[in-house]
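Here the structure comes first, spelled out in structure tokens, and everything after it is commentary.
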Amino acid sequence: MASEYSSLEKDKQIKKLKRELESWRVIVVEANSVLLWEKPWYPGAVIGFTSFLFFLFWLIEPSFITTVSMIGFVVTLLDYLVPTVVSRLSSEDSWTGAQERKLEDICTALVETKLQASKIWCQLSHLKHSRPKSYIVGVLLTLSFLAWTGNYINNTFLTYFLTVLVLMYPGLKHHGYIEEYSNFILLKVYDILVTVQGKKPKAKAK
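Pasting the structure below:
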């Protein structure tokens, strides 16, 4: 019963998100194709464009208030102009079934990511009440590491690196690089542990 309710709630959120992205659907589908590297030059374009923006940011060196204001200015302008421009350049007849399926997949992935994040938050909340000592130690260690990292690494470079990592992650995952290199690292770690122990596990008799 709980699983059925969860599925219905998920479908409801997907439909709601599709309605909210109605005026942005063309842009969303195209952006998704870029992030998933549907053309071989997309990864270079993503890194190049991101590097250009951060280069400008490094040259200008705006204050925090200026940065927030500039971001708000761009977001507000895009929110007003994009739906208007898209509605004039594209018609309902030009929207294909393949694009609709892509939009459905995008909305499903976003909702699943949101639900997964909500699940992790609930688990942390449960840990806070069930094992408060473990929770506080974990949080303090994590925050201490972040504070140390931010103190020793240039914040602009760190932000640039994290931004590139986030933008490249969908393409890396879609093309199987994440799984491939994760398996490679795990195998290397296993080999190191076996070498340290000085013996290999015996094969089970069939």
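No gaps in the numbering here: position 77 of the sequence shown is 77 in the UniProt record's numbering, and each next residue is one more.
A virtual CB, placed ideally from N, CA and C, is assigned to each residue, including glycine.
Taking residue 107 as the centre and dropping the five residues before and after it, the same chain places the C-beta of 14, 17, 18 closer than 6 Å to its C-beta, in chain order.
One Cα belongs to residue 53, the other to residue 182, and the distance between them is close to 31 Å. Residue 85 and residue 57 have their C-alpha atoms roughly 28 Å apart. A distance below 7 Å between beta-carbons, with the five flanking residues on each side excluded, links residue 127 to the following residues of its chain, in chain order: 134, 135. Cβ-Cβ separation between residue 114 and residue 32: approximately 16 Å, too far for a contact (criterion under 8 Å).
Scanning the stretch 31–93 from its first residue to its last, the whole alpha helix (DSSP H) runs of 4-plus residues come out as 42–60, 64–89. Here the alpha carbons of residue 94 and residue 125 stand approximately 47 Å from one another. The DSSP assignment places complete alpha helix (DSSP H) segments of no fewer than 4 residues inside the stretch 100–160 at 132–152, in order along the chain.
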